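Numbering of the sequence shown is given in this note's numbering, commencing with residue 7 and proceeding in unit increments. Beta carbons are placed, not taken as given, at the ideal position from N, Cα and C, and that holds for glycine. The structure displayed is predicted, hence computed values, not measured ones.
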Amino acid sequence: IDAYPGLSNGMSGHNHYNGVANAHQIENDYKKPIFEAPEGFKFMVIKTNAYRDSGWAVDKEDPIYEATRWCWIANLDTAKKYKHVLSVDGGVVREVFEVDNWYKRDDSRRIYFVGKRAKEEIRSIFINKRIPDKFTGKGKANPVLYSN
């Protein structure tokens with residue numbers, strides 16, 4: 007139903023991803039290999055699509071960075087244990103960021119990070135690969151997930 011502007015469902019379906027996608031895009035994403043993280047490599051998964059289409063970050067200088075880093079309901083102390091964030095859209099890693107520091111917004115329980123794109127040797131492990139099943143499905147609707 008996302009393919010038809012102005013229409014909406016009263017209830018979302020199971021295991022769905024928001025946003026318009028044609029059959030070619032969906033097939034292309036599902037054909038991508040699943041990444042295999044190096045042993046002991048800790049990372050957060052942040053699911054967002056706010057950097058594309060009509061998302062709030064689309065007009066920013068670096069839309070995918072802004073959409074990924076800002077502003078999530080999560081525990082600051084837990085987040086500080088993670089130095090890498092995978093930006094995921096539609097079940098596929100679109101970018102990897104190295105976190106310089108995590109911060110809490112003064113006016114809420116939301117957190118955000120300041121960082122940069124990860125080194126190429128790390129990015130090449132994850133970008134354009136699907137996330138493992140342990141980050142999808144029942145109980146994994148939260149946009150912020152942790153590797154371990």
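Euclidean distance between Cα positions of residue i and residue j
{"i": "K122", "j": "K144", "result": "31 Å"}
{"i": "P149", "j": "T54", "result": "7 Å"}
{"i": "A43", "j": "F132", "result": "8 Å"}
{"i": "N154", "j": "K146", "result": "14 Å"}
{"i": "Y152", "j": "R58", "result": "24 Å"}
{"i": "D65", "j": "F119", "result": "19 Å"}
{"i": "I102", "j": "K86", "result": "Correcting the residue type first, residue 102 is Val in the shown sequence and not Ile. Their backbone Cα atoms lie some 16 Å apart in a straight line."}
{"i": "K140", "j": "T84", "result": "19 Å"}
{"i": "I79", "j": "Y88", "result": "15 Å"}
{"i": "V51", "j": "P138", "result": "11 Å"}
{"i": "W108", "j": "S93", "result": "16 Å"}
{"i": "S114", "j": "R75", "result": "16 Å"}
{"i": "K125", "j": "Y71", "result": "15 Å"}
{"i": "N21", "j": "G61", "result": "Residue placement at N21 is flagged as unreliable, the pLDDT there being 42, under the threshold of 50; the coordinate-derived value follows with that caveat. The alpha-carbon atoms of N21 and G61 are separated by roughly 21 Å."}
{"i": "V105", "j": "R116", "result": "16 Å"}
{"i": "V91", "j": "A63", "result": "18 Å"}
{"i": "D68", "j": "C77", "result": "15 Å"}
{"i": "F47", "j": "I128", "result": "10 Å"}
{"i": "I40", "j": "T142", "result": "12 Å"}
{"i": "A73", "j": "A56", "result": "6 Å"}
{"i": "N81", "j": "K110", "result": "9 Å"}
Bridge-paired residues (DSSP) for residue i
{"i": "E101", "result": "S93"}
{"i": "V150", "result": "I52"}
{"i": "I40", "result": "R136"}
{"i": "K110", "result": "I117"}
First and last residue of the uninterrupted alpha helix (DSSP H) at residue i
{"i": "F132", "result": "126-132"}
{"i": "R75", "result": "69-75"}
{"i": "I80", "result": "Sequence inspection shows Ala at residue 80; the Ile mentioned does not correspond to that position. Unbroken run through A80: none, as it is neither H nor E."}
Residue span of the beta strand (DSSP E) that contains residue i, given as start and end
{"i": "I52", "result": "50-53"}
{"i": "R123", "result": "116-123"}
Taking contact to mean 3 or more Cβ pairs, one atom from each stretch, closer than 8 Å, check whether the region 98-108 and the region 133-143 are in contact. yes
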